[in-house]
Amino acid sequence: MVWEITAEELLERYADGERNFAGIKLAHYGLYGFRRSKYGRKLDLDGVVLRDINLRGAYLHEVYLERADLTGADLGGIFLRECSLVGAIIRDANLSAANLYWSCFDNADLRGSDLDYMNACGSTFRGTQIGYFERAILAQAEFQGAHTESGLICSGWNLIWRTTMPDGIEVEGPQWGNGRDAR
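For the sequence shown, position 78 (counting from the first letter as 1) is numbered 77 according to numbering that gives the first Met the number 0, and the numbering increases by one without interruption.
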């Protein structure tokens, strides 16, 4: 079930001890700050601390969560569309089956997080510390300078197409992460 909530209400309820916000749609109206971008206004939640929050299946569109602390968060199945999580701490979190469509995780810390089955189409992870993941969709994604726990992104049956690897090499693909062409 999707329910719309403002940033003010989310932060107020979180401060009061509530952690379950599964299925929310974060509203772009209210009093909370906005940041202008070339595409319009984005909701600015820069530096918020939302440890152990449950945002399973939530919908966040054009939200700045730069330098946010989402350690231990349940973000399974979340839809992050055109969001910025630059420098965010998202350690030991669940991002399984997350749709990270055109979002930016540059210089974020994702160590220990479950990223299996994520859709990272158009997302960037430049300089990010990231754990092992498998069965992910990596189309037009950017991992240049990323530090992976396993040292590999081309493993675990990830679907790779037009994606830049940590060493700067672009994999045209499509190919499966085990090195075989996807046909």
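Even for Gly, the Cβ is constructed at its ideal location relative to N, Cα and C. Quick caveat, the model's predicted, so the values are computed rather than measured.
Taking just the CA atoms, how far does residue j sit from residue i?
i, j, result
"residue 23", "residue 124", "25 Å"
"residue 34", "residue 146", "Confidence at residue 34 is low in this model, with a pLDDT of 49, below 50, so its placement is unreliable and the value that follows should be read with caution. Cα to Cα, residue 34 sits roughly 30 Å from residue 146."
"residue 162", "residue 134", "15 Å"
"residue 128", "residue 15", "32 Å"
"residue 171", "residue 140", "11 Å"
"residue 80", "residue 138", "15 Å"
"residue 91", "residue 66", "16 Å"
"residue 57", "residue 118", "15 Å"
"residue 179", "residue 152", "Since pLDDT at residue 179 reaches only 41, below the 50 mark, its modelled position is unreliable, and the value read off the structure follows with that caveat. For residue 179 and residue 152, the distance between alpha carbons rounds to 14 Å."
"residue 72", "residue 174", "31 Å"
"residue 168", "residue 157", "16 Å"
"residue 4", "residue 136", "30 Å"
"residue 88", "residue 27", "23 Å"
"residue 164", "residue 8", "39 Å"
"residue 142", "residue 166", "8 Å"
Please work out which residues of its chain come closer than 6 Å, Cβ to Cβ, to residue i, disregarding the five sequence neighbours upstream and downstream, and give them in chain order.
i, result
"residue 84", "64, 104, 107"
"residue 132", "114, 115"
"residue 160", "138, 172, 173"
"residue 148", "130, 131"
"residue 102", "79, 82, 122"
Cβ atoms of residue j and residue i: under 8 Å apart, would you say?
i, j, result
"residue 74", "residue 97", "yes"
"residue 144", "residue 126", "yes"
"residue 47", "residue 99", "no"
"residue 59", "residue 20", "no"
If I'm right that residue i touches residue j with Cβ under 8 Å, what's the distance once you round it to whole angstroms?
i, j, result
"residue 109", "residue 130", "6 Å"
"residue 12", "residue 51", "Actually they do not touch by this definition, with Cβ atoms about 14 Å apart."
Near residue i, what residues of its chain come up, given a Cβ to Cβ distance below 7 Å and the 5 sequence neighbours on each side ignored?
i, result
"residue 44", "6, 62, 63, 64, 67"
Using C-beta distances below 8 Å, list every residue in its chain close to residue i, excluding the 5 sequence neighbours before and after it, in chain order.
i, result
"residue 49", "13, 67, 68, 69, 72"
"residue 94", "74, 75, 77, 109, 112, 113, 114, 117"
"residue 86", "65, 66, 105, 106, 107"
"residue 2", "22, 23, 24"
Is there a C-beta anywhere in chain C that falls below 8 Å from the one on residue i?
i, result
"residue 45", "Here chain C cannot be found, since the structure has a single protein chain."
Secondary structure, beta strand (DSSP E): runs of 3+ residues fully inside the segment 33 to 100: You should have 33 to 36, 39 to 43, 58 to 60, 78 to 80.
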